[in-house]
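Worksheet: one structure, shown below.
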Amino acid sequence: MIAHRTEGSTSSRKLRFVALGTVLALAAAACGSNRGTSSTTTSKTPSSGGGATAPVVDTSGCPTANDTTGVSGDTITIGTSLPESGLYAAFTAILKGEKSYFSYMNAQGGIEVPAGSGKKYKINLIAKDDAYDAAKTVTNVNSLINDSKVFALFNTVGTKNNLAIRDTSDTQCVPDLLIASGAVQWGNPKFPWMLGSELVPYPLEMQTFVDYLLKNKPNATIAVLKANDDFGQSYADTLQALVKGTNLKIVQTQGYDPEGSDVKAQVTSLAATKADAFVIGGTLLACPNALNAMGDAGWKPIVYMSGTCVSKVLLGIAGKNAQGVLSVTSLLDPADPVNASNPAMQLYKAQVKKYAPDADTSDGIVAYGWTTAALFAKILSLSPKLDRGSVMNTAHTVSGVTGVGLQLAGSTWSTSASDRFIGETFQLINYDATAGHSNPVGPITDDNGKTAKLSPAVLLNS
Amino acid sequence: MSLFLTQLMNGIGNGAVYASLALALVLIFRTTGILNFAQGEMALYSTYLFWYFTDRGLPVVVAILAAMALSFIGGALVERVVIRPVEHSSPLVLVIVTIGLFLALNSIVQVQFGSDIKTNLPRAYPKHTWRPGNVQISADTLVLVGMLAVVCVLLYLLFQRTKIGLAMRAVASSSESARLSGVPVGQMLMFGWGLAAALGALAGVLVIPQIGLQASSMQSILVFSFAAAALGGFDSPVGAVVGGLIVGVAEALTTQYVHALNGIVLIVPFGLILGVLMVRPQGLFGRRTVERV
Amino acid sequence: MVSRRQTQVIGLVMSIIVLVLLIWLPHHNGSTNTLRWAQVLYIGVAAMGLNLLTGYNGQVSIGHGAFFGVGAYTSALLMHNHGWSFLPTLLVAAPLCFLVGVLVGFPALRVKGLYLALVTLGLAVLFPDLTKKYVHATGGTNLVSLNRGELSPPAWVPTSVSAIGRDDQWAYYVCLGAAVVLVIAALLIVRSRFGRALIAVRDHESAAASVGINAARVKVMAFALSALYAGIAGSCSVLVTHLANAEKVQTFQLSIEFLVALVIGGTATVVGPLLGAWLVVTLQHWISDTLPQHVGSLGPLKRVLGDPAASPALFGIMLILFVFVLPDGVVGGFRRAWARFVRNRNQTPHHAPAPLAT
Chain X
474 MIAHRTEGST
484 SSRKLRFVAL
494 GTVLALAAAA
504 CGSNRGTSST
514 TTSKTPSSGG
524 GATAPVVDTS
534 GCPTANDTTG
544 VSGDTITIGT
554 SLPESGLYAA
564 FTAILKGEKS
574 YFSYMNAQGG
584 IEVPAGSGKK
594 YKINLIAKDD
604 AYDAAKTVTN
614 VNSLINDSKV
624 FALFNTVGTK
634 NNLAIRDTSD
644 TQCVPDLLIA
654 SGAVQWGNPK
664 FPWMLGSELV
674 PYPLEMQTFV
684 DYLLKNKPNA
694 TIAVLKANDD
704 FGQSYADTLQ
714 ALVKGTNLKI
724 VQTQGYDPEG
734 SDVKAQVTSL
744 AATKADAFVI
754 GGTLLACPNA
764 LNAMGDAGWK
774 PIVYMSGTCV
784 SKVLLGIAGK
794 NAQGVLSVTS
804 LLDPADPVNA
814 SNPAMQLYKA
824 QVKKYAPDAD
834 TSDGIVAYGW
844 TTAALFAKIL
854 SLSPKLDRGS
864 VMNTAHTVSG
874 VTGVGLQLAG
884 STWSTSASDR
894 FIGETFQLIN
904 YDATAGHSNP
914 VGPITDDNGK
924 TAKLSPAVLL
934 NS
Chain Z
424 MSLFLTQLMN
434 GIGNGAVYAS
444 LALALVLIFR
454 TTGILNFAQG
464 EMALYSTYLF
474 WYFTDRGLPV
484 VVAILAAMAL
494 SFIGGALVER
504 VVIRPVEHSS
514 PLVLVIVTIG
524 LFLALNSIVQ
534 VQFGSDIKTN
544 LPRAYPKHTW
554 RPGNVQISAD
564 TLVLVGMLAV
574 VCVLLYLLFQ
584 RTKIGLAMRA
594 VASSSESARL
604 SGVPVGQMLM
614 FGWGLAAALG
624 ALAGVLVIPQ
634 IGLQASSMQS
644 ILVFSFAAAA
654 LGGFDSPVGA
664 VVGGLIVGVA
674 EALTTQYVHA
684 LNGIVLIVPF
694 GLILGVLMVR
704 PQGLFGRRTV
714 ERV
Chain Y
2 MVSRRQTQVI
12 GLVMSIIVLV
22 LLIWLPHHNG
32 STNTLRWAQV
42 LYIGVAAMGL
52 NLLTGYNGQV
62 SIGHGAFFGV
72 GAYTSALLMH
82 NHGWSFLPTL
92 LVAAPLCFLV
102 GVLVGFPALR
112 VKGLYLALVT
122 LGLAVLFPDL
132 TKKYVHATGG
142 TNLVSLNRGE
152 LSPPAWVPTS
162 VSAIGRDDQW
172 AYYVCLGAAV
182 VLVIAALLIV
192 RSRFGRALIA
202 VRDHESAAAS
212 VGINAARVKV
222 MAFALSALYA
232 GIAGSCSVLV
242 THLANAEKVQ
252 TFQLSIEFLV
262 ALVIGGTATV
272 VGPLLGAWLV
282 VTLQHWISDT
292 LPQHVGSLGP
302 LKRVLGDPAA
312 SPALFGIMLI
322 LFVFVLPDGV
332 VGGFRRAWAR
342 FVRNRNQTPH
352 HAPAPLAT
């Protein structure tokens, strides 16, 4: 699929591997990512992933300097902990996407680190089941670091699960990369060995929606449904801060138990306010259930729904009640027939079918795993040297990354010493219930560098 | 006022679900003296069967009946294979066995049917909401309440008007004397478990399409059903129904009117049980009997 | 002949051997294994506490995960927010859990059996919600995650004497110390007047009352003591897991683990809960870690057994099979076997072994 775009010469073959390394199945040779690659490979110091900036991660206090634990021969061993059993076992789908990507890369000979060096590494991903229990995540991660000697932790699932290991990752200088949670806590400057993945940070969603309201209904009253945990709080607190000084007004906030999904009574109560806008800071089944309860109540507000709920599966449950619902996404929707002809999508579907035949390729969560794995490979290939400090610094200083996995065309991912969030460019979308997929609303939003100051301080700094 | 009535209807709808599962708990408690922790997961398994059948193209009603029939057989088998060998053990051992069953079933559905959320669950009836005087009454609520009423009538007829019901009551009051008067006690116990499983299946296939099918679908419902059964009395079918409705309504009204309890609404059902049990340790409608533990 | 005295001596000798092995353990095992043993010890302590309530006093609780959580949160918050070192936090956590136990014990005067079990279930599902509403610790969540500095042992603890780090070693020995002290305490309790009162109230409450036992006080005390055990277990767990956390699923699961450890170890026996805890932890580890490594040789079962989602099913099924075979737990089974052995020894050799009644 990719080969037809490459010629026989050695230089273009090199280019081809860069392209493969980033799943640049789009005609990406012209885009910024290759330029980014060459600029990083020319830098000499291990600390600078993105050019002249000072190192974000200080390795002087680490147990070992230039730690290459986990790199052996041509294999890099990395570890992850996620729920593979219990009530949250559905997250296993992420692993299927990741493993497909790494198997695909390994079959191509591996990832070139640094790009252009000709030295390729295969990825060995060790997954451990924590059943979403933070205490088990701690055990798993200790075992991954001490017994399996992994190079880095990759896409470990869950907010509390990663908070529970942040001290371990920090004191032992093990990168906890591309955390599977859009929480803002990964921006805490005291813990530089962590970095979130390309999920859109929750506060940015609120910023986008407030902007939308200010433009379309500047005097709107807003009703809020939030999960009773830090996830829901990210939405509610940010929204509260953002409406200050505007004519927008929050009229009621209702919480629901995130371990259940029944929100009927809450939404009935919110509907009675007849608010103009409805924010759903919930996740999984609570989202369609809220939409259905809203429909039952005959309430027709402007709805914003958490980006974590954007999936064919969840929106399908809400059916016509999901008509016009606003949300954001940073990835191509694998369920959307419009994307079927996209080469990146075709590559993804073909490889996942090959390496994880039981996975549902139209499931957004598989696509997320695939893309995050591709982003990890991208960061490795951008790293000037293959040691923990260099890779971590590189992750903190990527600039203008495009075309990774199923990344939206036109979106760029960047980090810097003062900006620890990747997924800050994204697309506002609204759902078309008849067609069964979402349509973009306006151009891509670029909120690069804005997350930290929008985040509730209690989440970011404690 | 219309808001109050709407929340009341919400509560009654949920309450009907809690009540049906509580009824299943009571059926099993009366026949075998066991508090079945696996009741919710048995209903979950039944609902997955229902999903499987409809996914394979069976009409909804046929799928419901098939799921109920298989659940009946499954429930009877569980009694025979899992419960019978330990029926005379200490109540603690029985608690452990049903907890083992709970863990096993929850995990088996995921291995057998996949851990993803199942979306294409058809409803047995069209979705509709009526709004007389601004009070919302959804078809969901009516169907659940109707189902509960029909189940109650059928159970009443079964227990009061049939031979098998008489035999079951005999077993419930004293399995030893029932055995002596020629009642096939073993078969009656299997019948009781089968009946409870089928009842759970019915509740599952009616409520889960409203909230979505995944491995955790029944767990929060089960907690409320336990509260309902304890409130009404573990040995009282009437208590299960009344308890279920009280718990459901209390939950909805607390959400609407008591914002201070936002996030800790569970305090209401358990506060209720505690209050009631302090006054009547056998529950609202339970009979005062020799304690089993 | 095996006399009662000899049995006691054998028991004592075996306890000392086990204790020596446990003291030596960190020298042989890596950090991961040592901490797993620490987990066995703290789950065992909680199960011992539950045993005082359920085994000896006949009151069933499926909510001890909440008391465990109170202990864990008390220690963790004192260490995290107030810079306490671990041991002094026990002086707060233990009495606090005792008090909470008294409070929860009061309804037990009226509410009995499975109704009481349900009330304690309410405790287990409510506790996580309460922490979510009122605790805002690490990253603003209800998780209290402790860093190395907050967890480091006091200065008087010698530097590591074994292959594992000083922190992990400290965590392990604290758990071991707590277990030893609380085993001895449990022995003293069950052999005291109070212990006999516990059993008397369990077996026949009104008869116990008629011989002058204050049944109400005994029952509330049983609750309070078992809460204290669970709370200390929770405190110790903080050293091992480096956190205090509560989610409904996990608090409920912990409550179940204590009960399972108690039943498969042997109710109303002092060492049973510890053995049961060892079985629970080992079995779960075996299912989720060891089994998948050998799954390649399992042939057609590979798809099922190799799927991590199946691990709770395996645990549940093993649990059921276990109580089928040993309904009175490991200690109960051992006692029956021992009784048979002793009886055979005591009989004249030419007699065939008599079938045992039980």
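As you go down the protein sequences, you meet chains X, Z and Y in turn. The opening position of the first sequence corresponds to residue 474 in my numbering, with each subsequent residue numbered one higher. The opening position of the second sequence corresponds to residue 424 in my numbering, with each subsequent residue numbered one higher. The opening position of the third sequence corresponds to residue 2 in my numbering, with each subsequent residue numbered one higher. Using N, Cα and C, we set each Cβ at its ideal position, and we do this for glycine too.
>> For Z/L467 and Z/M491, I'd like the C-alpha separation in whole angstroms.
In response: So the two alpha carbons sit approximately 12 Å from each other.
> What is the residue span of the alpha helix (DSSP H) that X/F627 lies within?
Replying inline: Careful: X/F627 lies outside any alpha helix (DSSP H), inside the beta strand (DSSP E) at A625 to F627.
> Got a sec, what are the start and stop residues for the alpha helix (DSSP H) Z/Q535 sits in?
Replying inline: Counting along the chain, the alpha helix (DSSP H) containing Z/Q535 begins and ends at P514 to F536.
> Any C-beta of chain Y sitting closer than 8 Å to the C-beta of X/Q706?
Replying inline: Interface residue, yes.
> Quick one: is Z/Q610 near chain X, going by C-beta distance under 8 Å?
Replying inline: Not a single C-beta of chain X is nearer than 8 Å to the C-beta of Z/Q610.
>> Taking the beta carbon of Y/P27 as the centre, do at least 16 other beta carbons fall within 10 Å, making it buried, or is it exposed?
In response: It is buried - the Cβ of Y/P27 has at least 16 other Cβ atoms within 10 Å.
> Where does X/P674 land, buried or exposed, given buried means 16+ other C-beta within 10 angstroms?
Replying inline: Here X/P674 is buried. Its C-beta has 16 or more other C-beta atoms within 10 Å.
> Roughly how far, in whole angstroms, is the beta-carbon of Y/G277 from the beta-carbon of Y/I288, given that I think they are within contact range, below 8 Å?
Replying inline: Rounded, the Cβ-Cβ distance is 16 Å, inconsistent with contact.
> Looking at Z/L428 and Z/V558, is the spacing between their C-beta atoms short of 8 Å?
Replying inline: Against a cut-off of 8 Å, the Cβ pair of Z/L428 and Z/V558 comes out as a contact.
>> Between X/P761 and chain Z, is any beta-carbon pair separated by less than 8 Å?
In response: Chain Z places a beta carbon closer than 8 Å to that of X/P761, counting this residue as a contact.
> Cα-Cα, which of X/I902, X/Q880 and X/M865 is closest to X/S889?
Replying inline: For X/S889, the closest alpha carbon among the candidates X/I902, X/Q880 and X/M865 is that of X/M865.
>> Which residue wins for smallest C-alpha separation from Y/V21, given the options Y/V181, Y/S211 and Y/A94?
In response: Ranked by Cα distance from Y/V21, the options Y/V181, Y/S211 and Y/A94 are led by Y/V181.
>> Which residue wins for smallest C-alpha separation from Z/L481, given the options Z/A651, Z/T521, Z/P545 and Z/E599?
In response: Looking at the Cα atoms, Z/P545 is the closest of the given residues.
> Z/G666: which of Z/Q642, Z/I696 and Z/T585 sits nearest, CA to CA?
Replying inline: Closest option to Z/G666, judged by alpha-carbon separation, among Z/Q642, Z/I696 and Z/T585: Z/I696.
> Quick one: which chain X residues come within Cβ less than 7 Å of Z/G686?
Replying inline: By Cβ distance, chain X contributes N701 and G728.
> alpha helix (DSSP H) containing Y/L255: first to last residue?
Replying inline: First-last of the alpha helix (DSSP H) with Y/L255: K249 to G266.
> Within 10 angstroms of its Cβ, does Y/T35 collect 16 or more other Cβ (buried), or is it exposed?
Replying inline: Taking every protein chain shown into account, the CB of Y/T35 has 16 or more other CB atoms within 10 angstroms, so this residue is buried.
>> Would you say Z/M701 lies against chain Y (beta-carbon separation less than 8 Å)?
In response: Closer than 8 Å: yes.
> Taking the beta strand (DSSP E) that X/A594 falls in, what are its first and last residues?
Replying inline: The displayed chain sequence assigns Tyr, not Ala, to residue 594 of chain X. X/Y594: member of the beta strand (DSSP E) spanning K593 to D602, first to last residue.
>> For the alpha helix (DSSP H) containing X/K722, name the first residue and the last one.
In response: In the DSSP assignment, X/K722 falls outside any alpha helix (DSSP H) and lies within the beta strand (DSSP E) extending over K722 to Y729.
> Are Y/D168 and Y/P154 close, meaning C-beta to C-beta below 8 Å?
Replying inline: It is a contact, given that the beta carbons lie within the stated cut-off.
> With DSSP run on the structure shown, which of helix, strand or coil describes X/G754?
Replying inline: In the displayed model, X/G754 falls within a strand according to three-state DSSP.
> Which residues mark the beginning and the end of the alpha helix (DSSP H) in which X/V614 is found?
Replying inline: Annotation: the continuous alpha helix (DSSP H) that includes X/V614 extends over A607 to N619.
> X/G899 lies in the alpha helix (DSSP H); which residues open and close that run?
Replying inline: In the sequence on display, residue 899 of chain X carries Phe and not Gly. Where X/F899 is concerned, there is no enclosing alpha helix (DSSP H), although the beta strand (DSSP E) it sits in stretches over T898 to D905.
> Would you report the Cα separation of Y/G334 and Y/P274, rounded to the nearest angstrom?
Replying inline: Going from the Cα of Y/G334 to the Cα of Y/P274 covers about 14 Å.
>> Against chain Z, with Cβ distances strictly below 8 Å, would X/V786 count as a contact?
In response: It does: the Cβ of X/V786 has a partner Cβ on chain Z nearer than 8 Å.
>> For a cutoff of 8 Å on Cβ pairs, would you count Y/G333 as touching chain X?
In response: With its beta carbon at least 8 Å from every one in chain X, Y/G333 lies outside the interface.
>> So, under 8 Å CB-CB, Z/F708 and Z/S659 are touching, yes? Tell me the CB distance rounded to an integer number of Å.
In response: Their Cβ separation, rounded to whole angstroms, is 4 Å, which keeps Z/F708 and Z/S659 in contact under 8 Å.
> Whose Cβ in chain X lies nearer than 8 Å to the Cβ of Y/H243?
Replying inline: Here the neighbours are V611, A637, D640 and T641.
> Of the residues that make up the stretch 121-140 of chain Y, which ones have a beta carbon closer than 7 Å to any beta carbon in chain Z?
Replying inline: Residues passing the 7 Å Cβ filter: L122, G123, V126, L127, D130, L131, K133 and K134.
> Is it right to say Y/R5 is buried, meaning 16 or more other beta carbons lie within 10 angstroms of its own, or is it exposed?
Replying inline: If you draw a 10 Å sphere on the C-beta of Y/R5, you find fewer than 16 other C-beta atoms in it, and that means exposed.
>> Using DSSP's beta-bridge definition, name the partner residues of X/T553.
In response: X/A600, per the DSSP bridge assignment.
> Listing by chain order, which chain Z residues have their CB less than 9 Å from the CB of X/G789?
Replying inline: T542 and N543, listed in chain order.
>> Which residues in chain Y have a C-beta closer than 8 Å to the C-beta of X/T632? List them in chain order.
In response: Under the 8 Å cutoff, chain Y gives G140 and T142.
>> By alpha-carbon positions, which one of X/N597, X/Q645, X/S742 and X/L568 ends up nearest to X/N628?
In response: Nearest of X/N597, X/Q645, X/S742 and X/L568 to X/N628, Cα basis: X/L568.
>> Between the stretch 236-245 of chain Y and the stretch 100-119 of chain Y, can you find at least three pairs of beta-carbon atoms closer than 8 Å?
In response: They do not touch, by the three-pair rule.
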